[in-house]
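Per the numbering used here, numbering of the sequence shown is gapless, rising by one per residue and ending at 152. Using N, Cα and C, we set each Cβ at its ideal position, and we do this for glycine too. The next block holds one structure in the form of structure tokens; read it before the comments.
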Amino acid sequence: MTAEELRAALIGTWRLVSYEATSVRTGEIVRPYGDAPDGLIVYTPGGHVSVQVMRSDRTPFAGSALDEGRPEELAAAALGYIAYAGPFHVPDGQTVVHDVAVSLFPNWVSGAQRRTASVDGRTLRLGPAGRGVIGATRRDDVLTWERI
């Protein structure tokens, strides 16, 4: 697949099916957002991406307003959610780069999230362009999405 073909195949809205992170050393698989994560990723024709990933089992706040959440509620909500958006580009037929303009995780702002990407019919797989660390263990993470 060429870069142009991959870019065209990405355009649209995708719903998260699974998020698995495999230990490089032991092969152990963890699911950072639980067994049934939820999320959306949207690639626009104009070259922007928006990513939302969350645990589907997050506990609702005791109150009804976000700004009234107790510190432990706010912390738990943030730990079970990641969101970022910005421009994207496709340098080759196997890679997509998300240039982060805004993010729940402030350390990602003005950085890039580089992913391997493959589209097979209605399935998108985004994998590691480099290894990540989850719980002090180097892992290869793969997010599988379905076109909606």
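Problem set entry | Residues bridged to GLU24 (per DSSP) | VAL146
Problem set entry | Same chain, Cβ closer than 8 Å to ALA80, neighbours up to 5 away in sequence not counted | ARG62, THR63
Exercise. Using the C-alpha atoms, what's the distance from ALA66 back to VAL57?
Worked result: 22 Å
Problem set entry | Rounded separation between VAL106 and TYR85 - CA only | 14 Å
For this session: Could you say which of THR6, THR17, ALA12 lies nearest to THR148 if we only look at CA atoms?
Result: THR17
Exercise. Which term fits PRO36, buried or exposed, when burial requires 16 or more other beta carbons within 10 angstroms of its beta carbon?
Worked result: Burial call: buried.
For this session: Put LEU130 into one of helix, strand or coil per three-state DSSP.
Result: strand
Exercise. Thinking C-alpha only, which one of LEU83, ILE15, ASN111 is nearest THR127?
Worked result: ILE15
For this session: Please look up how many angstroms separate the CB atoms of LEU108 and ALA87, rounded, as I've assumed it's under 8 Å.
Result: Right, the Cβ-Cβ distance comes to about 5 Å (below 8 Å), so this counts as a contact.
For this session: Starting from ARG151, follow its DSSP beta bridges and name the residues at the other end.
Result: TRP18
For this session: Note down the Cα distance separating GLY73 from TYR47, rounded to an integer number of angstroms.
Result: 32 Å
Problem set entry | Proximity of ASP4 and PRO132 at Cβ, strictly below 8 Å | For the chain, the structure presents residues 5 to 152; residue 4 sits outside this window and is missing.
Exercise. Tell me which same chain residues have a C-beta within less than 6 Å of the C-beta of ASP103, skipping the five on either side of it?
Worked result: GLY90, PRO91, ALA116
Exercise. CA-CA distance, VAL101 and VAL94?
Worked result: Rounded to the nearest angstrom, the two C-alpha atoms are 6 Å apart.
Exercise. What residue does the beta strand (DSSP E) around ALA89 start on, and which one ends it?
Worked result: 85 to 96
Problem set entry | Cα-Cα separation, VAL53 to MET5 | Answer to the nearest angstrom: the Cα atoms are 20 Å apart.
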